[in-house]
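Colleague: To start, I am sharing the structure in question, which I have written as structure tokens.
There are 2 protein chains.
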Amino acid sequence: MTLQEIGKNAKAAEPSLRILNTSLKDRVLQIAAENLVKRREELLKANEEDLKRARANGMAPGMIDRLALSEERIEGMAEGLKQIASLQDPIGEVLSMKQRPNGLLIGKKRVPLGVVGIIYESRPNVTADAFGLCFKTGNAVILKGGSDAISSNIAIAKILRASLKEAGVTEDAIQLIEDTSRETAAAFMKLNEYVDVLIPRGGAGLIKAVVNNSTIPVIETGTGNCHIYVDETADLTMAVNIIFNAKTQRISVCNACESLVVHEKILDELLPLLKKKLQEKQVELRGDEAVCKISSDVIPATEEDWGKEYLDYILSIRTVSSLDEAIEHINRYNTGHSEAIITENYDHAQRFLNEIDAAAVYVNASTRFTDGFEFGFGAEIGISTQKLHARGPMGLEALTSTKYIIYGNGQVRP
Amino acid sequence: MTLQEIGKNAKAAEPSLRILNTSLKDRVLQIAAENLVKRREELLKANEEDLKRARANGMAPGMIDRLALSEERIEGMAEGLKQIASLQDPIGEVLSMKQRPNGLLIGKKRVPLGVVGIIYESRPNVTADAFGLCFKTGNAVILKGGSDAISSNIAIAKILRASLKEAGVTEDAIQLIEDTSRETAAAFMKLNEYVDVLIPRGGAGLIKAVVNNSTIPVIETGTGNCHIYVDETADLTMAVNIIFNAKTQRISVCNACESLVVHEKILDELLPLLKKKLQEKQVELRGDEAVCKISSDVIPATEEDWGKEYLDYILSIRTVSSLDEAIEHINRYNTGHSEAIITENYDHAQRFLNEIDAAAVYVNASTRFTDGFEFGFGAEIGISTQKLHARGPMGLEALTSTKYIIYGNGQVRP
Numbered sequence: 001m002t003l004q005e006i007g008k009n010a011k012a013a014e015p016s017l018r019i020l021n022t023s024l025k026d027r028v029l030q031i032a033a034e035n036l037v038k039r040r041e042e043l044l045k046a047n048e049e050d051l052k053r054a055r056a057n058g059m060a061p062g063m064i065d066r067l068a069l070s071e072e073r074i075e076g077m078a079e080g081l082k083q084i085a086s087l088q089d090p091i092g093e094v095l096s097m098k099q100r101p102n103g104l105l106i107g108k109k110r111v112p113l114g115v116v117g118i119i120y121e122s123r124p125n126v127t128a129d130a131f132g133l134c135f136k137t138g139n140a141v142i143l144k145g146g147s148d149a150i151s152s153n154i155a156i157a158k159i160l161r162a163s164l165k166e167a168g169v170t171e172d173a174i175q176l177i178e179d180t181s182r183e184t185a186a187a188f189m190k191l192n193e194y195v196d197v198l199i200p201r202g203g204a205g206l207i208k209a210v211v212n213n214s215t216i217p218v219i220e221t222g223t224g225n226c227h228i229y230v231d232e233t234a235d236l237t238m239a240v241n242i243i244f245n246a247k248t249q250r251i252s253v254c255n256a257c258e259s260l261v262v263h264e265k266i267l268d269e270l271l272p273l274l275k276k277k278l279q280e281k282q283v284e285l286r287g288d289e290a291v292c293k294i295s296s297d298v299i300p301a302t303e304e305d306w307g308k309e310y311l312d313y314i315l316s317i318r319t320v321s322s323l324d325e326a327i328e329h330i331n332r333y334n335t336g337h338s339e340a341i342i343t344e345n346y347d348h349a350q351r352f353l354n355e356i357d358a359a360a361v362y363v364n365a366s367t368r369f370t371d372g373f374e375f376g377f378g379a380e381i382g383i384s385t386q387k388l389h390a391r392g393p394m395g396l397e398a399l400t401s402t403k404y405i406i407y408g409n410g411q412v413r414p
Numbered sequence: 001m002t003l004q005e006i007g008k009n010a011k012a013a014e015p016s017l018r019i020l021n022t023s024l025k026d027r028v029l030q031i032a033a034e035n036l037v038k039r040r041e042e043l044l045k046a047n048e049e050d051l052k053r054a055r056a057n058g059m060a061p062g063m064i065d066r067l068a069l070s071e072e073r074i075e076g077m078a079e080g081l082k083q084i085a086s087l088q089d090p091i092g093e094v095l096s097m098k099q100r101p102n103g104l105l106i107g108k109k110r111v112p113l114g115v116v117g118i119i120y121e122s123r124p125n126v127t128a129d130a131f132g133l134c135f136k137t138g139n140a141v142i143l144k145g146g147s148d149a150i151s152s153n154i155a156i157a158k159i160l161r162a163s164l165k166e167a168g169v170t171e172d173a174i175q176l177i178e179d180t181s182r183e184t185a186a187a188f189m190k191l192n193e194y195v196d197v198l199i200p201r202g203g204a205g206l207i208k209a210v211v212n213n214s215t216i217p218v219i220e221t222g223t224g225n226c227h228i229y230v231d232e233t234a235d236l237t238m239a240v241n242i243i244f245n246a247k248t249q250r251i252s253v254c255n256a257c258e259s260l261v262v263h264e265k266i267l268d269e270l271l272p273l274l275k276k277k278l279q280e281k282q283v284e285l286r287g288d289e290a291v292c293k294i295s296s297d298v299i300p301a302t303e304e305d306w307g308k309e310y311l312d313y314i315l316s317i318r319t320v321s322s323l324d325e326a327i328e329h330i331n332r333y334n335t336g337h338s339e340a341i342i343t344e345n346y347d348h349a350q351r352f353l354n355e356i357d358a359a360a361v362y363v364n365a366s367t368r369f370t371d372g373f374e375f376g377f378g379a380e381i382g383i384s385t386q387k388l389h390a391r392g393p394m395g396l397e398a399l400t401s402t403k404y405i406i407y408g409n410g411q412v413r414p
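Sequence order for the protein chains is A and B.
According to the numbering used here, the stretch in the first sequence is residues 1 to 414, in order.
According to the numbering used here, the stretch in the second sequence is residues 1 to 414, in order.
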């Protein structure tokens, strides 16, 4: 099938998906969850093909783990779909409705985006997950996964399409682009005629390629160079606790803390406490001059360190002499993700919340909470680090648009 | 000044603009309004340079009219700024705040987008207007106007910058790119490092160029191929009234009606009434076979007519045998702008509102109401025909983003 045909199919599916009622959508998700588990042998077999190819190509063990399915992981995919079924359907909500002086009643109603394109890398579970989120919000989805997982993705998409058919819903609610070439990916990014929005899910390289090449509007999910600022008035026990959590609870995620900013007045006192706690996980520290002066075993940080997302047991530490300097440093080096202040000072807390430019700004809490589930959305498509359309953790609402509905009785414009 | 320098200046201005209080912002807008009127001689002189060049280049009279300033138009610009000053400031509004089970208080707060880029054509008043809207919403704006109006734009920007300075606010809240070459425009569209969003204001060609070439997120404001569907149960007097208004009240605008869809059962009765009324403005009709059969003086419509935004005294007419066919036709040919049904049938009204995919869908009213002022927003940046971020008339809120503010007391993620 050509990209043009896939686009046309999605557009043709859109009108019926737009008006599907919630109970039918939820039924499809339930059926799909059951079918994934029921047909797990088929999935595991397809996945084995991918794994064989990966091993033959010498893929790193970490990558192979991301690619691998298991009975447990298949059950996890199914659970994910059931959970999406249990969420409230955002479609149809009227966000506001006002009567104008001329009698027109103007309402703003939540509607699907239309056709959503998703470009992702090697995790095959994204196939089911992305379908679930897009389908619940009345969108047709076109998926373009990585070549590594193509056999698994084809098998998953086949089961999802069969489940749609079983419930009497158009199978083209999900389409997978089976051609994993770069040329096709590039052409997909310019399919404006059929695709309303493109969401890349994966590493920084993939996201950058999509942002630079797509002519379709993109929702950028991004990297996190997250900071914690320890104010001069901080409760140091709380600070150490939060830093330890934000740095080490899970190092490979975008909301992990990568850099510490410390007020010079408390550096002497904080550093030994912090080093002791972080040694539990052998965290490497890279500090500025003031830090290295106190503690000779800290590695001197370079300019590059301030902008780096380590995704590792490494933490940079910068000393500042004021809140202003802290805010300036963070606004300069952050990636617009999650930033925290530890303070007991009311005014500093408020200023930090107001003046830091990021998707999520915390007082006295770990940056690790920036997450759709932790925020109570029940689902997450990704964490947007751009400012348009959606910012921060994106739940189902990020996959919706609005339209104005206007009730008149003959009004004309004077 | 290079584009890089302009970008850096805007980014440097951003933090102070983000936290400007409303009364100071409104004062700047008042001062700017006064200064524009006070320094009108300077503006008229600069405008005369543009006009001279335009006449020498043989610019069409309609275009020259768009380019020309007058005392009255300068007062209009000033009034526009005063009106923006009188609007409620959307920045700082907390849209929701919820306590999570772990005690975290998570709020969603309205914040500026940051740096807004605007690319526009020959109307110099856009310079003041775009500044006013962006400044009120705490954004730094970088403007790139057309070469035709460059002298006028430089003069207006100079007065706006002087007004900012007079109030003690950073002048870089507005910067004008004085180099009007295509190369600079192309480079501006890739200034992702400094610009958060790009809004093209102008004709279809300009918008398409920006959508295709920008790597910065774009808010697409677009063309309107707006339909009115006259249902079999329509009140025909109301229908004729609304069609006359939507077609002829102002022909050059995107919310004017371009195409009529008529149920076959009432075609016989409607057509003579409609022709009589539309003859008042010499509207040319282009109809399908059924229409031409009844009325031999109607020009046969071609396939091209159904997709055409005439912006002229021309109206196409298509006959359908059902509401389904009407919805299908409109969803196929519309541009996602404004669509209306004239009906007395409750169910048809509801189905039309639900199933038509457009920014604004009307029952028994003229499509001409799709407008920020008519919708009660008090201002308008444009009418978005895309589905991301903003759809339909865009008021001040379309120039804002949100951020999450989180109040904790030591929470860490388990």
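Backbone N, C-alpha and C define an ideal beta-carbon position, used for all residues, glycine too.
The structure displayed is predicted, hence computed values, not measured ones.
Measuring straight from C-alpha to C-alpha, what distance separates A/Q30 and B/N139?
Modeller: 46 Å
Colleague: Count the other CB atoms, across all protein chains shown, that sit within 10 Å of the CB of A/Y229; report buried if there are 16 or more and exposed otherwise.
Modeller: buried
Colleague: Is it a yes or a no for the stretch 81-97 of chain B touching the stretch 108-126 of chain B, going by three-plus beta-carbon pairs under 8 Å?
Modeller: yes
Colleague: Express the C-alpha separation of A/E309 and A/S252 in angstroms, rounding to a whole number.
Modeller: 10 Å
Colleague: Looking at C-alpha atoms only, which residue of A/R391, A/I174, A/F377 is the closest neighbour of A/I383?
Modeller: A/R391
Colleague: Please state the DSSP three-state secondary structure of B/K247.
Modeller: helix
Colleague: Taking C-beta pairs closer than 7 Å, name the residues in chain A that B/Y362 reaches, listed in chain order.
Modeller: I406, G408
Colleague: Assuming A/L271 and A/S296 make a contact with CB atoms under 8 Å, what is their CB distance in whole Å?
Modeller: Not really, about 12 Å apart at Cβ, beyond 8 Å.
Colleague: Does the beta carbon of A/S366 sit closer than 7 Å to a beta carbon anywhere in chain B?
Modeller: yes
Colleague: So, with DSSP's three-state summary, where would you put B/I199?
Modeller: B/I199: strand per DSSP, three-state reduction.
Colleague: Between the alpha carbons of A/N102 and A/P200, how many angstroms are there, rounded?
Modeller: 45 Å
Colleague: Extract the residue ranges of the beta strand (DSSP E) inside the stretch 339-364 of chain B, only unbroken runs of 3 or more that lie entirely within it.
Modeller: none
Colleague: Going by CA-CA distance only, name the one from A/E289, A/G408, A/N331, A/A128 that's closest to A/G307.
Modeller: A/N331
Colleague: Compute the Euclidean distance between the alpha carbons of A/G202 and A/P217, then round it to the nearest angstrom.
Modeller: 17 Å
Colleague: If contacts are defined as beta-carbon pairs under 8 Å, then B/I118 and B/A185 qualify, I think. What distance do you get, rounded to the angstrom?
Modeller: In fact, because the Cβ distance is near 12 Å, the residues do not count as touching under 8 Å.
Colleague: At 3 residues or longer, what runs of the beta strand (DSSP E) sit wholly inside the stretch 191-236 of chain A?
Modeller: The stretch 191-236 of chain A contains these whole beta strand (DSSP E) runs: 197-201, 226-230.
Colleague: Is any beta-carbon of chain A found at less than 7 Å from that of B/S401?
Modeller: yes
Colleague: Give me the residue from A/N9, A/F369, A/V141 with the minimum Cα distance to A/H337.
Modeller: A/F369
Colleague: Assuming B/G410 and A/N364 make a contact with CB atoms under 8 Å, what is their CB distance in whole Å?
Modeller: In this structure B/G410 is in contact with A/N364, their Cβ atoms being roughly 6 Å apart against a cut-off of 8 Å.
Colleague: Going straight from the alpha carbon of B/K190 to that of B/V115, what length do you get?
Modeller: 14 Å
Colleague: Locate the alpha helix (DSSP H) running through A/P15, then write down its first and last residues.
Modeller: 3-18
Colleague: Could you pull out every unbroken alpha helix (DSSP H) segment of at least 4 residues lying fully inside the stretch 31-106 of chain B, listed in chain order?
Modeller: 40-56, 61-67, 71-86
Colleague: If the cut-off is 8 Å on Cβ atoms, which residues from the stretch 373-392 of chain B count as contacting chain A, listed in chain order?
Modeller: Taking 8 Å as the Cβ-Cβ cut-off against chain A, the residues of the stretch 373-392 of chain B that qualify are E374, F375, G376, Q386, K387, L388, H389, R391, G392.
Colleague: Can you give the Cα-Cα distance for B/E374 and A/Q88, rounded to whole angstroms?
Modeller: 33 Å
Colleague: Look at the Cβ atom of A/L198, then the Cβ atom of A/S214, and state whether they are nearer than 7 Å.
Modeller: yes
Colleague: Using a beta-carbon distance cut-off of less than 8 Å, what residues from the stretch 225-242 of chain B approach chain A?
Modeller: D235, M238, N241, I242
Colleague: Taking beta-carbon pairs under 8 Å, can you tell me which members of the stretch 172-198 of chain B lie near chain A?
Modeller: N192, D196, V197
Colleague: Tell me, please, whether the CB atom of B/T215 is closer than 7 Å to any CB atom in chain A?
Modeller: yes
Colleague: In the structure shown, what three-state DSSP assignment does A/S322 receive?
Modeller: coil
Colleague: On the DSSP bridge assignment, give the partners of B/Q175 in chain order.
Modeller: B/I142
Colleague: Are the beta-carbon atoms belonging to B/L133 and B/I381 less than 7 Å from one another?
Modeller: yes
Colleague: Of all the CB atoms in chain B, is at least one closer than 7 Å to the CB of A/N412?
Modeller: At residue 412 of chain A the sequence reads Val, which differs from the Asn that was named. Yes, A/V412 counts as interfacial toward chain B.
Colleague: Between which two residues does the alpha helix (DSSP H) carrying B/G410 extend?
Modeller: Careful: B/G410 lies outside any alpha helix (DSSP H), inside the beta strand (DSSP E) at 400-411.
Colleague: Taking the alpha carbon of B/L17 as the point to measure from, which residue in B/E171, B/A326, B/M77, B/S122 has its own alpha carbon closest?
Modeller: B/E171
Colleague: Beta-carbon within less than 8 Å of B/D415's beta-carbon, same chain only, minus the 5 sequence neighbours each way: which residues are those?
Modeller: As displayed, chain B neither begins before 1 nor continues past 414, which places residue 415 of chain B out of reach and without an answer.
Colleague: State yes or no: is the beta carbon of A/G353 nearer than 7 Å to at least one beta carbon in chain B?
Modeller: One detail in the question is off: residue 353 of chain A reads as Leu in this sequence, not Gly. So yes, A/L353 belongs to the interface.
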